[in-house]
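Residue numbers (this note's numbering), protein chains in the order written: chain A, 67 to 109; chain B, 9 to 518. Glycine included, each C-beta is placed from N, C-alpha and C at the ideal position. These numbers were taken from a predicted model, which means no experiment stands behind them.
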């Protein structure tokens, strides 16, 4: 594979990859929002 | 009036994701970053598990509270998503009890799918792909190649699979060892199929010359941060405190025919606790050597059931059959609290106990201990450990270096990894690695070794709240452990900043 690294890291012999941290009670509802979402829901 | 209320657990899950652009024209897909597996795969747009209607998806985030229970225990049913791959051994047991059932449909719009028919550059290599994970999710499909970029890094040429059938909501970017690739150690390989390894993501970076060593540093960042970083080919000395110590990756599957390690397991030589700042409050739970998997694809941590019981007895947690986890009082901010201390071979990493708590929002101040029992005689240290630990995975030398993470943004001091990890020290216990499974014996003294050396562990932990706004409520824990033995003496001082807002420092998966 030909790796064309981002101009920011070209020829630096390292590659910096930022990853997102997603929070939620399920993959479907996960988001970047780290605030506690607490809800007491009487059915 | 109908005896129960629905309580949504606080928002504590976390998993690490990156966004890929695949095909021509590019289609965006988000995948989970996973050191516990080694294949890249994305969900195909024709996956029958994808629900056409949103209401089909069953969201297990609501919990039932049994009101007539004096403890008002919040019943929670959630599945721990652990992406360490199931390996072809007779011992492979589902390390996690999963409530996800494959009959559930999933919402595939959340993280995107890849439609091969809409890419003019997709090439299938007509090889079957199949993988199963420790939480009973699976993916199967076909291997192929296409235009591919991650953030703005062009990684075209990297083989990836398109899963036309999967019950996992999100695809996976496995960055583990080549031996863990499903083409080599996958459980689906029929005897006829010849197993082989291929160049996965870290190896593609190395072979293309983008990095000098097949090694990377994982900085998971503080527990409530929005992003972390993986530095491929380098180490950032600004992201850890104290010294980086190096230990070997061990092979727990040699008896299964794997002559080299295929997963990131190292030897844990002792587990203990400390209470507050006092040195005399150090307790050794065990000094039995136990294999530990350092897995970014697992959210909480897992230990053999008997060890979790020892820890629970020590910290006042009790097992709740309702949860299937241990529960305990939530540690209040600034309360003098315990730490869990890991001895990796003469160097110690300690985490606040609150970092291992999952906060429910039941009004009875109940917290789940985010160290869960498992039947495997091994330990998985997941995100709630990695959030406080800087880990360098060196795939070329089959070593792992670790230190306390420093998330106080002290700037970047990047060194290229070329042959070995710069500034890392070989751990004093580097060579005394795990060799065979033993029953876990309680007690011992991990804080000083036996007769032949005067290694002693002195802990001075000062928990002090800092008032500055950016670190409001932060605690500074300085643990200094001093080693002196016949050959050399080295003083390790590691300062760790950990947020007491434990509610966001631990996570659980659906």
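Between residue i and residue j, what straight-line distance do the alpha-carbon atoms span, to the nearest angstrom?
| i | j | result |
| --- | --- | --- |
| residue 382 of chain B | residue 416 of chain B | 34 Å |
| residue 27 of chain B | residue 374 of chain B | 36 Å |
| residue 422 of chain B | residue 453 of chain B | 37 Å |
| residue 92 of chain A | residue 456 of chain B | 43 Å |
| residue 229 of chain B | residue 236 of chain B | 5 Å |
| residue 40 of chain B | residue 142 of chain B | 15 Å |
| residue 254 of chain B | residue 146 of chain B | 34 Å |
| residue 154 of chain B | residue 124 of chain B | 9 Å |
| residue 129 of chain B | residue 144 of chain B | 33 Å |
| residue 54 of chain B | residue 172 of chain B | 6 Å |
| residue 283 of chain B | residue 251 of chain B | 24 Å |
| residue 268 of chain B | residue 310 of chain B | 24 Å |
| residue 366 of chain B | residue 133 of chain B | 44 Å |
| residue 338 of chain B | residue 371 of chain B | 11 Å |
| residue 174 of chain B | residue 187 of chain B | 23 Å |
| residue 317 of chain B | residue 298 of chain B | 16 Å |
| residue 31 of chain B | residue 420 of chain B | 34 Å |
| residue 89 of chain B | residue 270 of chain B | At residue 89 of chain B, the pLDDT of 37 sits below 50, so the modelled position is not reliable and the matter cannot be decided from this model. |
| residue 276 of chain B | residue 262 of chain B | 18 Å |
| residue 360 of chain B | residue 52 of chain B | 41 Å |
| residue 529 of chain B | residue 351 of chain B | Because chain B is modelled from 9 through 518, residue 529 of chain B falls outside the range shown and cannot be assessed. |
| residue 390 of chain B | residue 304 of chain B | 6 Å |
| residue 33 of chain B | residue 190 of chain B | 29 Å |
| residue 113 of chain B | residue 57 of chain B | 5 Å |
| residue 121 of chain B | residue 50 of chain B | 7 Å |
| residue 335 of chain B | residue 443 of chain B | 33 Å |
| residue 451 of chain B | residue 295 of chain B | 7 Å |
| residue 413 of chain B | residue 231 of chain B | 11 Å |
| residue 340 of chain B | residue 354 of chain B | 31 Å |
Quick one: list the residues of chain A neighbouring residue i, beta-carbon separation under 8 Å, in chain order.
| i | result |
| --- | --- |
| residue 432 of chain B | What residue 432 of chain B touches in chain A: nothing, since even the nearest Cβ is about 16 Å away. |
| residue 23 of chain B | 87, 88, 93 and 96 |
| residue 158 of chain B | 83 |
Within the 7 Å Cβ cut-off, does residue i reach chain A?
| i | result |
| --- | --- |
| residue 241 of chain B | yes |
| residue 218 of chain B | yes |
| residue 236 of chain B | yes |
| residue 118 of chain B | yes |
| residue 519 of chain B | Any question about residue 519 of chain B goes unanswered here, given that chain B covers just 9 to 518. |
| residue 115 of chain B | yes |
| residue 174 of chain B | no |
| residue 43 of chain B | no |
| residue 307 of chain B | no |
| residue 98 of chain B | The predicted model places residue 98 of chain B with a pLDDT of 36, which falls under 50 and marks its position as unreliable, so this point remains unresolved. |
| residue 83 of chain B | In this prediction, residue 83 of chain B scores a pLDDT of 28, lower than 50, which makes its location untrustworthy; no coordinate-derived value is stated. |
Could you check how far apart the C-beta atoms of residue i and residue j are, in whole angstroms? I think they sit under 8 Å.
| i | j | result |
| --- | --- | --- |
| residue 274 of chain B | residue 300 of chain B | 6 Å |
| residue 29 of chain B | residue 36 of chain B | 6 Å |
| residue 184 of chain B | residue 44 of chain B | 6 Å |
| residue 364 of chain B | residue 388 of chain B | Rounded, the Cβ-Cβ distance is 13 Å, inconsistent with contact. |
| residue 181 of chain B | residue 209 of chain B | 7 Å |
| residue 79 of chain A | residue 424 of chain B | 5 Å |
| residue 176 of chain B | residue 151 of chain B | The Cβ separation is near 17 Å, so there is no contact. |
| residue 140 of chain B | residue 260 of chain B | Rounded, the Cβ-Cβ distance is 19 Å, inconsistent with contact. |
| residue 192 of chain B | residue 205 of chain B | 5 Å |
Could you list which residues in chain A have their beta carbon closer than 9 Å to that of residue i, in chain order?
| i | result |
| --- | --- |
| residue 424 of chain B | 78, 79 and 80 |
| residue 150 of chain B | Neighbours of residue 150 of chain B on chain A: none; closest Cβ ~19 Å, over 9 Å. |
| residue 26 of chain B | 83, 84, 85 and 86 |
Going along chain A, which residues have a C-beta under 7 Å from residue i?
| i | result |
| --- | --- |
| residue 233 of chain B | 87 |
| residue 177 of chain B | 93 and 94 |
Answer yes or no: the CB of residue i versus the heavy atoms of the ligand ADP, is any distance below 6 Å?
| i | result |
| --- | --- |
| residue 308 of chain B | Absence of the ligand ADP is noted for the structure shown, with no ligands found whatsoever. |
So, do the region 392-400 of chain B and the region 211-218 of chain B have three or more beta carbon pairs nearer to each other than 8 Å?
With a cut-off of 8 Å on Cβ pairs, the region 392-400 of chain B is not in contact with the region 211-218 of chain B, counting fewer than three such pairs.
Inter-stretch contact (C-beta, 8 Å, three-pair minimum) for the region 243-254 of chain B and the region 152-167 of chain B:
Contact fails: fewer than three Cβ-Cβ distances are below 8 Å.
If you pair each beta-carbon of the region 336-352 of chain B with each one of the region 312-325 of chain B, do three or more pairs fall below 8 Å?
Verdict: yes, contact present.
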